[in-house]
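Here the first sequence is numbered in the working numbering, starting from 12 and rising by one per residue.
Here a beta-carbon is modelled for each residue, glycine too, at the ideal position from N, C-alpha and C.
Since we're looking at a predicted model, the values are computed, not measured.
Step one of this worksheet: look at the structure below.
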Amino acid sequence: MPELPEAENIRRALARVMTGRRIECVEIFSPAMREPLTPLATAGLEKLTFTGFRRRGRYVIADLSDGRVLLMHFGMSGVVRVESSQIPRRKHEHVFLHLDDGRVFRFECTRRFSVLKVCELPCPGSVPAELEAFGPEPLTEAFDGEYLHAVSRKRNGCVKPFLMDNRVVAGIGNIYATEILFSAGISPLRPAGDLTLRECASIAAESKRILARAIELGGSSISDFRNVDGSEGKFAQELEVYGRAGMPCGKCGSMIVSQRIGGRTSAFCPGCQK
DNA sequence: AGAGATACCTGGGAGC
DNA sequence: TGCTCCCAGGTATCTC
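Dropping the structure here:
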């Protein structure tokens, strides 16, 4: 399921193969997604060129030559491919953008949680309005222990859903929040407001280390995720607690437990995480 | 304002 | 084997 490292790999791949390409025509096969796909048909995309690809959290922002953007979110089963038009359409490929080099940008989403839509920007170079309230990118200097400590004061909720809140820090989902808290040795049940500055610094540092490593390995191919070229990410092999409930912790040997926190399954090691 | 619940959707696995 | 039930996930939206 695509999180920040997966979105970053998709962004890099699309920047490599789609920058400068012109859209020739749009085909929509099944319009129902998180938001209807039908507006893409009348958005006037034909003859526009992709000028660049940015990322904000788990969203990829494709800049178009008329100043608008194509906003993409991959939900939990979104896949994009750029390949020959000769390859038959797969069952859950909902949109084709035919490009001027004869290839096709294909947007697949089995569970229909993805977003693909054209947005106006409030001003050139900015992000669509719905992304304006996002917190800092975890891989930038703005996200550090002091920031996390400051914004977590008076927050009584558990640290895990806090870390997964895009307004706190952009793009950390269930898999990486789980792994980050394990590496930082902090229980996902700890109230965010109780964290010390030192613990916040540890969370920030582990966030950067784990996300950078996952980007380097091409993401985690948990269930449905694939890269643009169809390859699988290799970070899944390095997951230490996610999906390992009932198995012994690799560090201390304690049994990894699973519990629903903030409505999400959360695995953690009671021995290592306090 | 913060926190929790819910809807959205499909495929896969468990249990009968 | 085939049926039903439940779970996975991010986000918007609702209520308290």
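**Message:** Looking at the secondary structure, which residues open and close the alpha helix (DSSP H) in which R209 lies?
**Reply:** Within the first sequence, the letter at position 198 stands for residue 209. Start and end: L208 to E227.
**Item:** Residues near A153 in its chain [Cβ-Cβ closer than 8 Å; skip 5 each side]
**Value:** Walking along the first sequence from the start, residue 153 turns up at place 142. Sequence-distant Cβ neighbours of A153 in its own chain, meaning closer than 8 Å and more than five residues away, are P147.
**Prompt:** Does the distance from the C-beta atom of V37 to that of L59 stay below 7 Å?
**Reply:** Position 26 of the first sequence, counting from 1, holds the residue named residue 37. Position 48 of the first sequence, counting from 1, holds the residue named residue 59. Their beta carbons are not under 7 Å apart, which means V37 does not touch L59 by this criterion.
**Message:** Between the alpha carbons of A161 and F116, how many angstroms are there, rounded?
**Reply:** Taking the first residue of the first sequence as position 1, residue 161 is located at position 150. Taking the first residue of the first sequence as position 1, residue 116 is located at position 105. When rounded, the separation of the alpha-carbon atoms in A161 and F116 is 42 Å.
**Request:** Please name the residue in T121, P259, R275 and E94 whose C-alpha comes closest to that of L108.
**Result:** Indexing the first sequence from 1 puts residue 108 at position 97. The option with the nearest alpha carbon to L108 is E94.
**Asked** What do you reckon, are the CB atoms on L192 and P202 nearer than 7 Å?
**Response** As a first step, residue 192 must be located in the first sequence, where it is residue number 181. As a first step, residue 202 must be located in the first sequence, where it is residue number 191. No, the pair does not count as a contact, with Cβ atoms beyond the cut-off.
**Prompt:** Touch check for the segment 111-127 and the segment 74-87: three-plus C-beta pairs under 8 Å?
**Reply:** yes
**When Y158, R33 and D205 are compared against D111, the one with the closest alpha-carbon** = What you label residue 111 is simply residue 100 of the first sequence in a count that begins at 1. Ranking the options by Cα distance to D111, first place goes to R33.
**Under the three-state DSSP convention, the category K285 falls into** = Taking the first residue of the first sequence as position 1, residue 285 is located at position 274. Of the three classes helix, strand and coil, the one that applies to K285 here is coil, per DSSP.
**Prompt:** Helix or strand or just coil, what does DSSP make of S163?
**Reply:** Within the first sequence, residue 163 is the residue found at index 152, counting from 1. Helix at S163.
**Request:** Quickly, what does DSSP pair L82 with across the bridge? List them, please.
**Result:** Position 71 of the first sequence, counted from the first residue, corresponds to residue 82. In the DSSP assignment, the residues bridged to L82 are I72 and K128.
**Request:** Below 8 Å CB to CB, which residues in the same chain sit around E57 once its five sequence neighbours on both sides are set aside?
**Result:** Residue numbering aside, residue 57 sits at position 46 when the first sequence is read from its first letter. The answer, listed in chain order, is I34, E35, C36 and V37.
**Asked** Looking at S163 and G204, is the spacing between their C-beta atoms short of 7 Å?
**Response** Taking the first sequence and counting its residues from 1, one reaches residue 204 at position 193. Taking the first sequence and counting its residues from 1, one reaches residue 163 at position 152. Going by C-beta atoms, G204 is nearer than 7 Å to S163.
**Item:** Burial state of T299, where buried means 16 or more other Cβ atoms lie within 10 Å
**Value:** There is no way to answer for residue 299, as the model of the chain reaches only from 12 to 285.
**Request:** With E38 as the anchor, note down where its beta strand (DSSP E) starts and where it stops.
**Result:** Here residue 38 refers to the residue found at position 27 when the first sequence is read from its first residue. I34 to I39 is the extent of the beta strand (DSSP E) around E38.
**Message:** I need the straight-line Cα distance from S137 to R65, nearest angstrom please.
**Reply:** Reading the first sequence from its first residue, position 126 is the one you call residue 137. Reading the first sequence from its first residue, position 54 is the one you call residue 65. Their Cα atoms are separated by approximately 10 Å.
**Separation of P13 from E210, as counted between CA atoms** = Taking the first residue of the first sequence as 1, we reach residue 210 at position 199. Taking the first residue of the first sequence as 1, we reach residue 13 at position 2. Using only the alpha carbons, I get a separation of about 27 Å.
**Message:** Does I72 pass the burial test, meaning 16 or more other C-beta atoms within 10 Å, or should it be called exposed?
**Reply:** Looking up residue 72 in the first sequence gives position 61. It counts as buried.
**Request:** Note down, in chain order, each residue of its chain lying with its Cβ closer than 8 Å to the Cβ of G168, except the 5 sequence neighbours on either side.
**Result:** What you label residue 168 is simply residue 157 of the first sequence in a count that begins at 1. For G168, where only same-chain residues beyond five positions count, the Cβ hits under 8 Å are P202, A203 and G273.
**Asked** Just the Cα atoms here: how many angstroms apart are A278 and P149?
**Response** For the purposes of this step, residue 278 is taken as residue 267 along the first sequence, with counting starting at 1. For the purposes of this step, residue 149 is taken as residue 138 along the first sequence, with counting starting at 1. Straight-line Cα distance between these residues: approximately 22 Å.
**Request:** Check whether the Cβ atoms of G89 and N177 lie closer than 7 Å to each other.
**Result:** Walking along the first sequence from the start, residue 89 turns up at place 78. Walking along the first sequence from the start, residue 177 turns up at place 166. No. Outside cutoff.
**Message:** Could you compute how far the alpha carbon of P42 sits from the alpha carbon of E104?
**Reply:** Translated into positions along the first sequence, residue 42 becomes position 31. Translated into positions along the first sequence, residue 104 becomes position 93. Spanning the two alpha carbons is a distance of roughly 11 Å.
**Message:** Report the CB separation of G156 from A212 in whole angstroms; it is logged as a contact under 8 Å.
**Reply:** As a first step, residue 156 is located in the first sequence; it is residue number 145 there, counting from the start. As a first step, residue 212 is located in the first sequence; it is residue number 201 there, counting from the start. Cβ-Cβ separation between G156 and A212: approximately 3 Å, consistent with a contact (criterion under 8 Å).
**Prompt:** Skipping 5 residues on each side, what residues in its chain have a beta carbon closer than 8 Å to that of I197?
**Reply:** Along the first sequence, one-based indexing puts residue 197 at 186. Counting only Cβ-Cβ distances below 8 Å, and skipping sequence neighbours, we find V170, L206, E210, S213, I214, Q284 and K285.
**C-alpha gap between S265 and L250, whole angstroms** = Position 254 of the first sequence, counted from the start, is the residue given in the question as residue 265. Position 239 of the first sequence, counted from the start, is the residue given in the question as residue 250. Cα to Cα, S265 sits roughly 16 Å from L250.
**Asked** Is M266 helix, strand or coil by DSSP?
**Response** Residue numbering aside, residue 266 sits at position 255 when the first sequence is read from its first letter. Of the three classes helix, strand and coil, the one that applies to M266 here is strand, per DSSP.
**Closest residue to C120 among E143, E46, A144 and L142 (Cα-Cα distance)** = By 1-based counting over the first sequence, the position of residue 120 is 109. The residue with the shortest Cα to Cα distance from C120 is E46.
**Message:** Going by DSSP in three states, E251 sits in which element: helix, strand or coil?
**Reply:** Taking the first residue of the first sequence as 1, we reach residue 251 at position 240. If DSSP states are grouped into helix, strand and coil, E251 belongs with coil.
**Request:** Can you tell me which of the three DSSP states A52 falls into?
**Result:** Along the first sequence, one-based indexing puts residue 52 at 41. Helix.
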